[in-house]
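Each step along the sequence shown adds one to the number in our numbering, with nothing skipped, and position 203 is 215.
We treat Cβ as the ideally placed atom computed from N, Cα and C, and that holds for glycine.
Data block below; observations after.
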Amino acid sequence: MNTDTAYPVLVLCGRDPNRRELMKAHDPQGLLPSKSLLPMAGKRVLDWQLVAMVESPNISEIYLIGLSPEEFPSNLALKYIQYDRNSSILEKITYGSETLQKIYPDLEHIIICSGDAPGVTTKSINQFFDILRQNLDADLLIGVVPEDITLKFFPNHRRVIGKFKEQSVYPGEMYVFRHEIIPVIEDEIHQMTLKRRQFDRQKDTSKLIPILSYLGKRPSLWLLIIKYSLGLLSIPELEATLSRVFGFNMKAIIIPDPGFGMDLDLPDDYESLTEYIKMTKIKG
Numbered sequence: 013m014n015t016d017t018a019y020p021v022l023v024l025c026g027r028d029p030n031r032r033e034l035m036k037a038h039d040p041q042g043l044l045p046s047k048s049l050l051p052m053a054g055k056r057v058l059d060w061q062l063v064a065m066v067e068s069p070n071i072s073e074i075y076l077i078g079l080s081p082e083e084f085p086s087n088l089a090l091k092y093i094q095y096d097r098n099s100s101i102l103e104k105i106t107y108g109s110e111t112l113q114k115i116y117p118d119l120e121h122i123i124i125c126s127g128d129a130p131g132v133t134t135k136s137i138n139q140f141f142d143i144l145r146q147n148l149d150a151d152l153l154i155g156v157v158p159e160d161i162t163l164k165f166f167p168n169h170r171r172v173i174g175k176f177k178e179q180s181v182y183p184g185e186m187y188v189f190r191h192e193i194i195p196v197i198e199d200e201i202h203q204m205t206l207k208r209r210q211f212d213r214q215k216d217t218s219k220l221i222p223i224l225s226y227l228g229k230r231p232s233l234w235l236l237i238i239k240y241s242l243g244l245l246s247i248p249e250l251e252a253t254l255s256r257v258f259g260f261n262m263k264a265i266i267i268p269d270p271g272f273g274m275d276l277d278l279p280d281d282y283e284s285l286t287e288y289i290k291m292t293k294i295k296g
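Here is the structure:
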């Protein structure tokens, strides 16, 4: 990955095979192929995100996977990767990676974002790329958002929180894989996707029980689990331990922007994100 050029970004669209509560609540007749198309404050959900992306000098092309031009017509210069919209996140990442490697054979990494983060801003996208360029040795780079700044705008966010010595954070909506590492850790990608959905969002998600139960199958991670449970684990320790055990270089980067982390996940997110958009992106 060159440090002075713009890069393509893969946007994960589509939907789950089984309709989730969010879409049952806000698209009860099942007319929309994806939550990315839900109307929000005068635009579609994905439109708000795309406006921020096209204004970033760090992004050269935007590739949507899981939606067709007919399903998501746009005046923006978008690229579409035709693929089953009901496929899993892992399947979309894998196919997207294979496709972009053919188009950009010299790029070692793939930059990915979800298609339901309307609050993301150009400023936070640029910050993500700036930090990425300082960590080009990473095989997996995840943007994380501090919980404290999120609580100011989303007091009932119900996100899956990691409580570390430095601060409490949750995953953001942009991340990076080195292409060659995806086949190696595809089971971990799939399992993390499944475990994330096993959380009871009405309870304290910071205990990370589904995720720690999965990690606990490896004795080499028991000390990490104990330290986390006691509130003694730091983010650098997490990075170093997971990198050593799984055999790849993992990095978490802090993006202090609630819009970078809040996606349309739960039914109540629609109302809270609509108000956030009106507050931060609609002038007047």
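Your pair residue 194 and residue 134 does not check out as a contact, with CB atoms roughly 28 angstroms apart and the cut at 8 angstroms. In this structure, DSSP gives residue 73 an extended state, which the three-state scheme calls strand.
By the CB criterion at 8 angstroms, residue 132 and residue 264 fall outside the cutoff. With contacts defined as CB atoms closer than 8 angstroms, residue 125 and residue 79 fail to qualify as a contacting pair. It is roughly 24 angstroms from the alpha-carbon of residue 123 to the alpha-carbon of residue 285.
Here residue 77 is buried, its C-beta having at least 16 other C-beta atoms within 10 Å. The criterion of a C-beta distance shorter than 8 angstroms is not satisfied by residue 268 and residue 167. Boundaries of the beta strand (DSSP E) harbouring residue 185: 180–190, taken from the DSSP string.
Residue 236 and residue 199 have their C-alpha atoms spaced approximately 20 angstroms apart. Counting of Cβ neighbours within 10 angstroms places residue 256 among the exposed residues, the total staying below 16. Taking every protein chain shown into account, the CB of residue 115 has fewer than 16 other CB atoms within 10 angstroms, so this residue is exposed. In this structure, the beta-carbon distance from residue 70 to residue 141 falls below 8 angstroms. From the listed residues 165, 44, 208, the smallest Cα separation to residue 173 is found for 208. In the same chain as residue 49, and ignoring 5 residues on each side of it, the C-beta atoms closer than 6 angstroms to its own belong to 56, in chain order. Here residue 145 is exposed, its C-beta having fewer than 16 other C-beta atoms within 10 Å.
By the beta-carbon neighbour count (other beta carbons within 10 angstroms, threshold 16), residue 212 is exposed. 181 is the residue among 63, 181, 177 whose C-alpha sits nearest the C-alpha of residue 171. If you draw a straight line from the Cα of residue 160 to the Cα of residue 283, it comes to about 20 angstroms. In the three-state scheme derived from DSSP, where H, G and I count as helix and E and B as strand, residue 163 is classed as helix. Straight across, the Cα-Cα distance linking residue 72 with residue 89 is about 10 angstroms.
For residue 126, the enclosing beta strand (DSSP E) has its first and last residue at 121–126. In chain order, 172, 173, 211 place their CB closer than 6 angstroms to the CB of residue 217, counting only its own chain and leaving out the 5 sequence neighbours on each side. When 288, 137, 259 are compared, the shortest CA-CA separation from residue 152 is found for 259. In this structure residue 35 is not in contact with residue 169, their Cβ atoms being roughly 19 angstroms apart against a cut-off of 8 angstroms.
Rounded to the nearest angstrom, the gap between the Cα atoms of residue 113 and residue 121 is 9 angstroms.
The beta carbon of residue 223 lies closer than 6 angstroms to those of 207 in the same chain, with the five residues before and after it left out. A residue is called buried when at least 16 other Cβ atoms come within 10 angstroms of its Cβ; residue 228 does not meet this threshold and is exposed.
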